[in-house]
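Residue numbers are given in our numbering: position 46 of the sequence shown equals residue 228, and the series is strictly consecutive.
Comments concern the structure below.
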Amino acid sequence: MHIDRLFVRNFRNYEQGDWHLSPGINIFYGENAQGKTNLLEAVYYCGVGHSHRTSQEEDLIRWGENQLAAAVQFTRQGLQHTLQLKRERQPRKKEIKLDRQVIRAKEQLGEMPVVLFSPEDLQLIKGEPALRRRFLDLEIAQSNRRYYQDLVRYQRIVLQRNKLLKAIREGLAHKNELEAWDQPFSDSAANLMVEREKAVAHFSALANEVHQLIAGGRESLQVAYQVAGEGQAPSGGTKSDWQAWYERLLQNTRTSDIARGSTSLGPHRDDLLFLLKEGPFKAFASQGQQRTAVLSLKIAEVTFVQQAVGFYPILLLDDVMSELDQKRREQLLAFISGKIQTFITGTECSMLHPDSMAACFMVKNGALGDGGSGSN
Ligand SMILES: Nc1ncnc2c1ncn2[C@@H]1O[C@H](COP(=O)(O)OP(=O)(O)O)[C@@H](O)[C@H]1O
Ligand SMILES: [Mg+2]
């Protein structure tokens, strides 16, 4: 799969742009704060429907403007498609079109899968569990629409249940009203768990395979799913095993959940563990080992999506080339080469090996100049 054309209007610092892209490697280079990451963000936005940098979609609208547009024309398994997004500030409105037909937000994800790798991904190992959950959720959701719908449903249930918990705490509602939420909670949580377990088992094997190659066969990398809560979770279990587990969990935590006014356990509290050899990574690995591991995870993510949907996602590399040493850079390029459309940002066009064919675009103040295509 590759994007043939990217179009933006009033997107971040771009007034308007319409660019033809290379199906291989595209490099956006230039000085700081010129709009390089904004371009990757536009591609990510077309693929995922939101930004990787802000939860406020209005932030993407060019300052002083009321409406943004971002669109891609892409080729997937030999067929050309278009995705067009518009977002209006006032009145707040969003429109998504696939092949010129209006679609709903939940139908967008997976049409054009993307994988982003940026320096912030180092936080995947050291940072908050929420980052790892988001990583896992997006990885699965881009190749499994059912999962995304279950996730949205689950998140809505947690929100509603939390509202009710607070109301009960304040004496505005009765405990028994929780019954109405506990069953749907357990049902959607169980759906998520079955898919997450399946995905993690597959993903762990992929990550380990990649890591053996990259780290030279000396190190093993395992990914494990950590269920929040006390007691023996029904790992490897069926949907009804998980349902029963969550029903019990909700019973056991009911009093404390009311006191805290939120749902303390469930898939929204779980975590992923990255294990290097025997020990957990966070504590033992050096900076260099962590970088290598994140690279392995990202390559594994690309492969995961490819195996699930039958084609490679688009890869966005934001400022990571300069973070990787020569050897890791070459390993990454060898993986990409000839099969994955990739967008790379950096300070110069010549950051890649001279043999790697790439289209170079100079980015300056919200505009793209042609930095000369072909070999860089
Ligand atoms: N909504 C917006 N409207 C106009 N300009 C914006 C908006 N959001 C960010 N910018 C500008 O975009 C630039 C940063 O772009 P970015 O792509 O992050 O730079 P870089 O080239 O360093 O990756 C800054 O100059 C910032 O002021
Ligand atoms: Mg940037």
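Note that CB positions come from ideal geometry on N, CA and C, so glycine has one too.
Keep in mind the model is a prediction, meaning the values are calculated, not measured.
Problem - Identity of the residues DSSP links to D500 by a beta bridge - result: T527
Practice task
Go to H263, then tell me how far its beta strand (DSSP E) extends in each direction, as first and last residue.
Solution key: L261 to E270
Exercise for the section: In angstroms with no decimal places, state the Cα-to-Cα distance between G419 and L457. Expected result: 23 Å
Problem - DSSP-derived helix/strand/coil call for L455 - result: strand
Exercise for the section: Measure the C-alpha to C-alpha separation of S402 and Q342 and round it to an integer number of angstroms. Expected result: 42 Å
Exercise for the section: Can you tell me the Cβ-Cβ gap for R335 and S370, rounded? I've got them flagged as a contact below 8 Å. Expected result: 5 Å
Problem - N-terminal and C-terminal residue of the beta strand (DSSP E) that K279 is part of - result: K275 to L280
Practice task
Return yes when at least one heavy atom of ligand 1 lies under 7 Å from the C-beta of Q324, else no.
Solution key: no
Practice task
Return helix, strand or coil for N558, following the three-state DSSP convention.
Solution key: Because N558 sits at a pLDDT of 37, beneath the cut-off of 50, its placement in the model cannot be relied upon, and the point is left open.
Exercise for the section: Give a single yes or no on whether N208 has its beta carbon closer than 7 Å to a heavy atom of ligand 1. Expected result: no
Handout entry: Where L242 falls: helix, strand or coil (DSSP)
Key = helix
Exercise for the section: Could you check what DSSP says for L354 in three-state terms: helix, strand or coil? Expected result: coil
Practice task
Note the first and the last residue of the continuous alpha helix (DSSP H) segment covering G229.
Solution key: K218 to V230
Exercise for the section: Run the proximity test for T219: is its beta-carbon closer than 7 Å to any non-hydrogen atom belonging to ligand 2? Expected result: yes
Handout entry: Top-ranked residue by Cα proximity to Q337, from L313, L298, A349 and P366
Key = P366
Exercise for the section: Can you check DSSP and say which residues form a bridge with F189? Expected result: D200 and A253
Problem - Which of helix, strand or coil DSSP assigns to L306 - result: helix
Practice task
Measure the alpha-carbon distance for R286 versus S468 and round it to whole angstroms.
Solution key: 44 Å
Exercise for the section: Classify N220 as buried or exposed, calling it buried when 16 or more other Cβ atoms lie within 10 Å of its own Cβ. Expected result: buried
Handout entry: Neighbour-count burial assignment, L581, 16 or more Cβ in a 10 Å radius
Key = Outside the modelled stretch of the chain, which goes from 183 to 558, sits residue 581, for which no answer is possible.
Exercise for the section: Leaving out five residues on either side along the sequence, give the residues of the same chain with a beta carbon under 8 Å from the beta carbon of R153. Expected result: There is no way to answer for residue 153, as the model of the chain reaches only from 183 to 558.
Handout entry: Host alpha helix (DSSP H) of V392 (start-end)
Key = E361 to I396
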